[in-house]
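>
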Amino acid sequence: MIGRLLRVARVALLLVTLTAVAIVAGAWAALGTRAGSVWTLQQAAGQTGADLSYASFTGSLLHGFEIQDLDAALDDTSVHVQQLVLRWSAGELLRARLHVSEIGVHGVTLITPPEQAPTAEPSIAVPALPALRLALAVDVDRVEL
Numbered sequence: 330m331i332g333r334l335l336r337v338a339r340v341a342l343l344l345v346t347l348t349a350v351a352i353v354a355g356a357w358a359a360l361g362t363r364a365g366s367v368w369t370l371q372q373a374a375g376q377t378g379a380d381l382s383y384a385s386f387t388g389s390l391l392h393g394f395e396i397q398d399l400d401a402a403l404d405d406t407s408v409h410v411q412q413l414v415l416r417w418s419a420g421e422l423l424r425a426r427l428h429v430s431e432i433g434v435h436g437v438t439l440i441t442p443p444e445q446a447p448t449a450e451p452s453i454a455v456p457a458l459p460a461l462r463l464a465l466a467v468d469v470d471r472v473e474l
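Just so we're aligned, residue 330 is where the sequence shown starts under the numbering used here, counting upward by one.
Structure, rendered in structure tokens:
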């Protein structure tokens, strides 16, 4: 009886370990490789309904990336970015710290629909926002605009 329980416990432990390894491997493939990063960006754009295109993508979401000629459109608004650069240390998240070593955005063009004359003055008051306490420290070394 005890031998059977030990075998079941070993099998359960093996399944839990294999599941954890599969989750880590899947996250690394989705965020740590160029192909996985491109797929993740496409999925995120699809979930929001945005049209997303770019000329080139180098790097990965996990280690840092650079995108050339990024175009994004949602409804009547679109944005073009000549270059978007993000370099960060993902491992710092384990220390409750977001460390961005470089973030750069160059050549931004925003196209919005033409303004229409308001028909009536809005009567909605802007709500007061609560104080924001982040669960992690944020450090940014370099910003380029």
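Just so it is clear, CB atoms sit at the ideal spot from N, CA and C, and this is done for glycine as well. Please read all numbers here as calculations on a predicted model, not as lab measurements.
Which residues does DSSP pair with S418 in a beta bridge?
Counting from 1 along the sequence shown, the entry for residue 418 is found at position 89. According to DSSP, which records beta bridges pairwise, S418 is partnered with H428.
> What does DSSP give as the partner residue(s) for H435 in the beta ladder?
One-based indexing of the sequence shown puts residue 435 at position 106. For H435, which the question treats as bridged, DSSP gives the partners Q412.
> Since G436 and V410 are thought to touch, with beta carbons under 8 angstroms apart, how far apart are those beta carbons, to the nearest angstrom?
Counted from its first residue, the sequence shown places residue 436 at position 107. Counted from its first residue, the sequence shown places residue 410 at position 81. Correct: roughly 6 angstroms between the Cβ atoms.
> Following the continuous beta strand (DSSP E) through L381, name the residue where it begins and the one where it ends.
By one-based count along the sequence shown, residue 381 stands at place 52. Looking at the DSSP string, the run of the beta strand (DSSP E) that includes L381 is 380 to 382.
> Going straight from the alpha carbon of A364 to that of A384, what length do you get?
Translated into the one-based positions of the sequence shown, residue 364 becomes position 35. Translated into the one-based positions of the sequence shown, residue 384 becomes position 55. Approximately 15 angstroms between the Cα atoms of the pair.
> Where do the ends of the beta strand (DSSP E) carrying A402 lie?
Within the sequence shown, the letter at position 73 stands for residue 402. Per DSSP, A402 belongs to the beta strand (DSSP E) from 393 to 403.
> Taking the beta strand (DSSP E) that T387 falls in, what are its first and last residues?
For the purposes of this step, residue 387 is taken as the residue at position 58 of the sequence shown. Looking at the DSSP string, the run of the beta strand (DSSP E) that includes T387 is 385 to 389.
> Is A349 helix, strand or coil when you go by DSSP?
Within the sequence shown, residue 349 is the residue found at index 20, counting from 1. Of the three classes helix, strand and coil, the one that applies to A349 here is helix, per DSSP.
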